[in-house]
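Working notes, beginning with the structure itself.
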Amino acid sequence: MKINSIFDKLLPEVLIIEEKNKKSVNISLSNDIERAGFNIMKASTLEKALTYFFSQLLAIMIISAELQENPLITINNV
């Protein structure tokens, strides 16, 4: 029988660097990412972001994100 360590059960971590004027976008994005099976960490300053970056093993770091009214238009135009 294989004994799994606690590290095998930890969710991959995603760092979202929040912009003050885009909090509602970040909330929606955070909810979607959490439902996909990731642990969300948020930073509102450069210092906090750098602290997380150098101290945590991150799966993804999101610096900027914007929701489009119709994302299919963007996909079709690529």
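Going by the working numbering, the sequence shown opens with residue 990, and the numbers climb by one from there. From the three backbone atoms N, C-alpha and C, an ideal C-beta is built for every residue, glycine too. Since the model is a prediction, treat every value here as computed from it, not as a measurement.
Checklist line | Cα-Cα separation between residue 1029 and residue 1044, rounded to whole angstroms | finding: The alpha-carbon atoms of residue 1029 and residue 1044 are separated by roughly 15 Å.
Notebook entry, point to check: Can you give the Cα-Cα distance for residue 1031 and residue 1001, rounded to whole angstroms?
Noted result: Answer to the nearest angstrom: the Cα atoms are 14 Å apart.
Item checked: C-alpha gap between residue 1040 and residue 1046, whole angstroms -> Each residue's Cα considered, the two are about 11 Å apart.
Next item on the list: State buried or exposed for residue 1025, treating a residue as buried only when at least 16 other CB atoms are found within 10 Å of its CB.
Entry: When all chains shown are included, residue 1025 counts as exposed.
Notebook entry, point to check: Which of helix, strand or coil does DSSP assign to residue 979?
Noted result: Since the first residue of the chain shown is 990 and the last is 1067, residue 979 is not available in this structure.
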